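For what it's worth, this note's numbering labels the leading residue of the sequence shown as 1, then goes sequentially. From the three backbone atoms N, C-alpha and C, an ideal C-beta is built for every residue, glycine too. A quick note: this is a predicted structure, and the numbers were derived from the prediction, not measured. What follows is a set of notes on a single structure, which appears directly below.
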Amino acid sequence: EGCLHVRLDFNLLTADGVRAYRRFVEEAADLVVTHGGSLSGEHGDGRARGELLPRMYPQSVLRLFERFKAIFDGPGLMNPGIGVRPAPLDANLRYGPPSGAASDVAGRTLLAFPADNGDFTRAVRRCVGVGACRRTDGVGVMCPSYAVTLDEQHSTRGRARLLGEMLDGRVLRGGWRSREVAEALDLCLACKGCRSDCPVGVDMASYKAEFLYQHYRLRWRPREHHTLGGLPRWLRLAPSWLAAGVLGSPGLSRLAAGLGGISTKRPLPVPARQSLRRWLHRRGQPLGAPPRGSVLLWTDTFTDAFDPHVGKAAVELLEHVGFRVEVPASPVCCGLTYLATGRLPAARKVLRRSLAVVQPYLEGGIPIVGLEPSCTAALRSDAAELLPDDPRVGPLRSAVHTLAELLTVRAPDWAPRRVTGHQRAVVQTHCHQHAVLGSTPDAALLAKAGVDVVSRPGGCCGLAGSFGYQRGHEELSVALAERALLPAIRAAGPDAVLVADGFSCRLQARQLSTAAPIHLAELLAPLA
């Protein structure tokens, strides 16, 4: 006896393809029965073979099946159309020939979806229903919202299914205006965990960005899309001392949050009074020729405005290793906040402007080091989605490194000092770093520095950029932090340090625990 496993690809998107599928299955069933075989596989007959059972069993046996099922399910409410009185094997196909109600979105998406030949429909069909996104054991990152809600619509699979129904148009008829899809995507943290953890590489963060762009196209957007999504612009326009003064006042901060459509249930981060860029310009360059050449520090919005001390530590470390640290002549931005809120034209514009600023460095072969994982990952992955035809994107992706990557690749003979005072560490890896960049170089540097990593919390911290600041997300944000990050901090004890390169991760930990998180650059920085 044997159970034959095959995968034969039929074109179920055309009527001819469906007819070919039916003909093949019927002939295969007759062939199996002729040789005394069974149509029933290890998982039963279900929808795929129920219609074929009369080819294997006599009518008297099929009637017994019906009587037996009626004992337990007289009204026929449980799994109707399967086994007993089965539906046709080519009915209710997940994706069938286009219906008259199908949404015409082919060729109209703004993101490139290069891994799927620019076809959003093909990208959505990546999901084959394996359900790895339904794991709740803390392994991997995806899918954070499902792990808390245990609601299928808030899993990667559930969202992919709803997007498929939207594209098909037979069940969800609203197209890009679908309320059902908008509701399911509302709790997507755009963590990109599915990009790496899903067996078929579903990237729900990109799908959400495209949906939000199409959903709100030529319509009024929620206020937080302009405030949180446009944060880099607001911080660039407002003097740092003014922003620090307003957001540093609890009353004014709550007022600003309320006016901007942002949650008032958690404090807004307060910008530093002196930005990183201003500190770098006032500081000037050290004298002498650097033995390892120059690097360009990508002065992302979060490090520049909120945590300039991280940038200062990175500059001191890189100079100690032997690099000359240069800074872009003008502010740069990866466009991620605009991308995450579906403001794709703005994200393109911002990224093009940044590419123009760093183009001389790209042409000179100067490496670029990023300190914020979400921004670094955006430059390595999302840039190609936003600007697929820009010749500068390829060199940009090759030039961008995390701090640990740069030290490992460009200074392989350098070893960090043995860390004192922080020998035990909890390491929170940013979701985008997990999905796009990886953390092997970071782990190697920590080991060389003598740091004992006592815990690597799995999953998202729960803040996820602007997600935790959007109204209605506050409880879920805290619940996600309580899944792994906060228990790991408490279990490690007060003598362990929390290493978190992501600004969101550090902010979440500061607001919800007594931890004082630090960036890898701060941990490895040379002693004064």
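Out of curiosity, what's the CA-to-CA distance linking residue i and residue j?
i: L386; j: V350; result: 11 Å
i: R456; j: P487; result: 11 Å
i: D596; j: V130; result: With the chain covering 1 to 528 only, the question about residue 596 has no answer from this structure.
i: L339; j: T420; result: 40 Å
i: D9; j: C194; result: 25 Å
i: P395; j: A244; result: 36 Å
i: V327; j: R352; result: 18 Å
i: D300; j: M78; result: 55 Å
i: R277; j: Y213; result: 32 Å
i: P517; j: L445; result: 18 Å
i: I368; j: S466; result: 26 Å
i: N11; j: R510; result: 53 Å
i: A15; j: P97; result: 6 Å
i: A528; j: L403; result: Confidence at A528 is low in this model, with a pLDDT of 45, below 50, so the placement of that residue should be treated as unreliable; the coordinate-derived value is given next. Taking the straight line joining both Cα atoms gives about 20 Å.
i: P144; j: L480; result: 7 Å
i: R49; j: H43; result: 11 Å
i: W234; j: V451; result: 39 Å
i: S354; j: Y361; result: 12 Å
i: G462; j: G493; result: 21 Å
i: R392; j: F113; result: 18 Å
i: R221; j: A384; result: 26 Å
i: E27; j: C3; result: 18 Å
i: G37; j: L64; result: 21 Å
i: T149; j: P271; result: 33 Å
i: E66; j: P75; result: 12 Å
i: L247; j: R273; result: 11 Å
i: G140; j: A205; result: 16 Å
i: E482; j: I489; result: 10 Å
i: K265; j: L228; result: 16 Å
i: C548; j: Y21; result: There is simply no residue 548 to check, as the chain begins at 1 and stops at 528 in what is shown.
Measure the CB-CB distance between residue i and residue j and report whether it falls below 8 Å.
i: G543; j: Y95; result: Outside the shown range of the chain, which is 1 to 528, sits residue 543, and nothing can be said about it.
i: G468; j: Q508; result: yes
i: T337; j: L231; result: yes
i: F323; j: P345; result: no
i: P526; j: R417; result: yes
i: V310; j: A521; result: yes
i: D495; j: R424; result: yes
i: L13; j: A29; result: no
i: A305; j: S275; result: yes
i: S253; j: I366; result: no
i: H432; j: A377; result: yes
i: R55; j: V33; result: yes
i: L407; j: W414; result: yes
i: T156; j: M142; result: yes
i: G138; j: A484; result: yes
i: E210; j: L110; result: yes
i: V18; j: L89; result: no
i: H430; j: V497; result: no
i: A257; j: S263; result: yes
i: W176; j: H225; result: no
i: W279; j: P239; result: no
Could you tell me the boundaries of the beta strand (DSSP E) in which residue i lies?
i: H401; result: V400 to T402
i: G83; result: Here G83 belongs to no beta strand (DSSP E), and DSSP marks it neither H nor E.
Look up residue i in the DSSP assignment and give the residues it is bridged to.
i: A425; result: V453 and V497
i: L296; result: E326 and I368
i: Q470; result: I262
i: I518; result: V499
i: G41; result: G44
In terms of residue numbering, what span does the alpha helix (DSSP H) encompassing residue i cover?
i: E326; result: Taken as a continuous stretch (DSSP letters only), E326 belongs to no alpha helix (DSSP H), being part of the beta strand (DSSP E) at R324 to E326.
i: D186; result: R179 to D186
i: E152; result: E152 -> no alpha helix (DSSP H), and no H or E assigned at all.
i: F120; result: F120 to V124
i: Y570; result: The first residue shown for the chain is 1 and the last is 528, placing residue 570 beyond what the model contains.
i: W241; result: S240 to G248
i: L485; result: L485 to A492
i: C21; result: Checking the displayed sequence, the identity of residue 21 turns out to be Tyr instead of Cys. First-last of the alpha helix (DSSP H) with Y21: A15 to T34.
i: V357; result: L344 to E363
i: A390; result: Sequence inspection shows Asp at residue 390; the Ala mentioned does not correspond to that position. From DSSP, D390 is part of no alpha helix (DSSP H); its letter is neither H nor E.
i: A444; result: T440 to K448
i: E224; result: R223 to T227
i: E482; result: Here E482 belongs to no alpha helix (DSSP H), and DSSP marks it neither H nor E.
i: S60; result: Q59 to F72
Say the cut is 7 Å; is the CB of residue i nearer than that to a heavy atom of the ligand NAP?
i: G229; result: Ligands in the displayed structure: none, and consequently the ligand NAP is not present.
Inset, instruction - Would you check if the stretch 366–378 and the stretch 429–438 touch, i.e. whether three or more CB-CB distances between them fall below 8 Å? - result: With the cut-off at 8 Å, the stretch 429–438 and the stretch 366–378 touch.
Inset, instruction - Flag this pair as touching only if the stretch 154–164 and the stretch 123–137 have three or more C-beta atom pairs under 8 Å; answer yes or no. - result: Here the stretch 154–164 lies against the stretch 123–137, with 3 or more beta-carbon pairs under 8 Å apart.
Inset, instruction - Flag this pair as touching only if the stretch 473–480 and the stretch 441–458 have three or more C-beta atom pairs under 8 Å; answer yes or no. - result: A contact is defined here as three or more CB-CB pairs under 8 Å, and the stretch 473–480 fails this definition with respect to the stretch 441–458.
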